[in-house]
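Position 195 of the sequence shown, counting from 1, maps to 585 under the working numbering, and the rest follow consecutively. Working notes, structure below.
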Amino acid sequence: MSVPRWTVNWNNHSGSSCAGDAAGIPAATPKWESLKCAKWGAGNQVCAVEDAVYINSAGRICVALNIETGKTMWDTEYPHPAIEQFCVGSKAVCVAPYVLHRDTGEIIADLSSEDYEFGAVDDVLNDVFYVVVNAPEKGILRIGEAGFEFFSIPAAGVTVFDNGKRVLGSEVPGRLVCYDVGSRKRLWAMPYGLSETGKFLGGMNSLQMLFDDRVYQHLFIDTLRCIDVNTGNILWVSGPEKMGEAEYNKAKGPSRYLGCVDALYLGRECISDGYLQARSAEDGRLLWRVDAPDARMFLTAGDLLFGAMDDVPAAWDRHTGEVVWRADKRMTAVSNAVAAGNKVIYSNTMSQMRCYEWDVAYVSTAWR
Numbered sequence: 391m392s393v394p395r396w397t398v399n400w401n402n403h404s405g406s407s408c409a410g411d412a413a414g415i416p417a418a419t420p421k422w423e424s425l426k427c428a429k430w431g432a433g434n435q436v437c438a439v440e441d442a443v444y445i446n447s448a449g450r451i452c453v454a455l456n457i458e459t460g461k462t463m464w465d466t467e468y469p470h471p472a473i474e475q476f477c478v479g480s481k482a483v484c485v486a487p488y489v490l491h492r493d494t495g496e497i498i499a500d501l502s503s504e505d506y507e508f509g510a511v512d513d514v515l516n517d518v519f520y521v522v523v524n525a526p527e528k529g530i531l532r533i534g535e536a537g538f539e540f541f542s543i544p545a546a547g548v549t550v551f552d553n554g555k556r557v558l559g560s561e562v563p564g565r566l567v568c569y570d571v572g573s574r575k576r577l578w579a580m581p582y583g584l585s586e587t588g589k590f591l592g593g594m595n596s597l598q599m600l601f602d603d604r605v606y607q608h609l610f611i612d613t614l615r616c617i618d619v620n621t622g623n624i625l626w627v628s629g630p631e632k633m634g635e636a637e638y639n640k641a642k643g644p645s646r647y648l649g650c651v652d653a654l655y656l657g658r659e660c661i662s663d664g665y666l667q668a669r670s671a672e673d674g675r676l677l678w679r680v681d682a683p684d685a686r687m688f689l690t691a692g693d694l695l696f697g698a699m700d701d702v703p704a705a706w707d708r709h710t711g712e713v714v715w716r717a718d719k720r721m722t723a724v725s726n727a728v729a730a731g732n733k734v735i736y737s738n739t740m741s742q743m744r745c746y747e748w749d750v751a752y753v754s755t756a757w758r
């Protein structure tokens, strides 16, 4: 599997937070640092590609930074407030209702006069953006160079696959759905995790990732499920398929879910008794679990899992759980990290950004 660029804010394509199939141990000191990367801050709304970092700052301004230097290439203020979740393609940046030229920041499409209530820009494929619309009718707006087209597919959290012919997403009341885009026909539906009384349990149940032809869902505390995306059939379940509501509410479950083609990762974040665990994508079995007090995990790349420990940028060997890198200083309220090429870019809620660079690809101790 190859993921050449970071395309959808902090979750990337398919919500996987997978930034590529190679990564190395960065230098402890940043290649560059910005104390004011954008007028309204960055938060989670950051994308990175091979030559630039893009920031959607509070849905008010889009900023492009040179990934080598951190210097501003352009910044564009929107005529009216835009939504926060955005996507970057090879030619354009979509921050609904606007589409901007990726190299210049020029607004090349403005859909603000259209009668749409935009939800999120969920995905991009072949420079066609897929935007969730909440009103006047729930559906998906597909925006490309040739214009835009509305599809009455009432799904959110959309992942596009099969060369744009099918989409995967969430649909009320609490089910995973797969649609054929051309016919708008729902191909299959699968309920999310339910309590023992049949009540939908929210939270992380709404998260799923697609790799190749398999969909990986987190249902409950330690329960994962794998579904064949072509048929909707369950391939395996690891953990109980139903859970009592009281047990669910009291359990110290994970607050972050990400993965890659061979492993899935669950983390309980920003808490003194936090932990990280890795599960096999083959059958859901536990591969490792480590204590991770006051830690966060943001993305996988190569053999590494990048995150932070007590606000210090850090990386774990994703095959063993061993901490293999720490930056030389803390980054107050670190909230996000993205990656492209040989760089990992961290940002926080105070408009600060740091770029860490690596030279040699890291090989996990599990393969040595």
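Glycine included, C-beta positions come from ideal geometry on N, C-alpha and C. Because the structure is a prediction, the values reported are computed rather than measured.
Please look up how many angstroms separate the CB atoms of residue i and residue j, rounded, as I've assumed it's under 8 angstroms.
i	j	result
L648	M687	7 angstroms
I415	Y752	5 angstroms
V713	L689	Not quite, the Cβ-Cβ distance comes to about 16 angstroms (not below 8 angstroms), so this is no contact.
D512	V562	The Cβ separation is near 16 angstroms, so there is no contact.
G629	D652	At roughly 19 angstroms, the Cβ-Cβ gap does not stay under 8 angstroms, so G629 and D652 are not in contact.
F541	L501	Going by Cβ atoms, the distance from F541 to L501 rounds to 15 angstroms, so no, they are not a contact pair.
I735	A525	That pair is no contact at about 35 angstroms.
Kindly indicate which three-state DSSP category residue i falls into: helix, strand or coil?
i	result
E635	helix
S404	helix
T466	strand
T613	coil
A510	strand
K733	strand
W748	coil
A448	coil
A756	helix
N553	coil
E738	According to the sequence displayed, residue 738 carries Asn and not Glu. Of the three classes helix, strand and coil, the one that applies to N738 here is strand, per DSSP.
N524	strand
N399	helix
S392	Caution applies to S392, whose pLDDT of 43 falls short of 50 and renders its modelled position unreliable; the value that the coordinates give is listed next. S392: coil per DSSP, three-state reduction.
I'd like to check one pair, residue j with residue i: are the Cβ atoms closer than 7 angstroms?
i	j	result
A499	V483	no
A442	A691	no
V523	T397	no
A448	W430	yes
L614	G674	yes
V521	L531	yes
E747	K421	yes
F696	A685	no
E440	G731	yes
P644	G634	no
A641	T710	no
A472	I445	no
L515	V557	no
S754	K426	no
Go to residue i, then tell me how far its beta strand (DSSP E) extends in each direction, as first and last residue.
i	result
F476	No beta strand (DSSP E) contains F476, which DSSP labels as neither H nor E.
Q607	R604 to H608
W430	First-last for W430: undefined, no H or E at that position.
Y655	A653 to R658
C650	Run containing C650: none; DSSP gives neither H nor E here.
G692	Here G692 belongs to no beta strand (DSSP E), and DSSP marks it neither H nor E.
V483	A482 to V485
A671	Unbroken run through A671: none, as it is neither H nor E.
R565	R565 to D570
L600	Q598 to F601
R716	V713 to R716
R708	Neither: R708 is in no beta strand (DSSP E) and is coded neither H nor E.
F541	G537 to F541
R576	R576 to P581
V627	I624 to S628
G414	Element bounds for G414: n/a, residue is neither H nor E.
I497	I497 to D500
G529	G529 to G534
V489	Y488 to H491
Flag residue i as yes when its Cβ comes closer than 6 angstroms to any non-hydrogen atom of the ligand NAP, and as no otherwise.
i	result
V511	Within the structure as shown, the ligand NAP is missing, as the structure has no ligands at all.
Between the Cα of residue i and the Cα atoms of the options, which residue gives the shortest distance?
i	options	result
E474	V485, K481 and S480	V485
I533	E527, P526, E504 and P544	E504
G572	T587, F538 and K555	K555
L566	N553, F590, S585 and E586	F590
R720	P630, A472 and P703	P703
N738	A536, A723 and A525	A723
E496	Y468, L584, A510 and E507	Y468
R646	F610, K632 and L455	F610
S406	R679, L597 and E631	L597
W578	A438, A546, D618 and N402	D618
R744	V750, R708, D701 and D707	D701
D361	T419, H403, N402 and N401	Any question about residue 361 goes unanswered here, given that the chain covers just 391 to 758.
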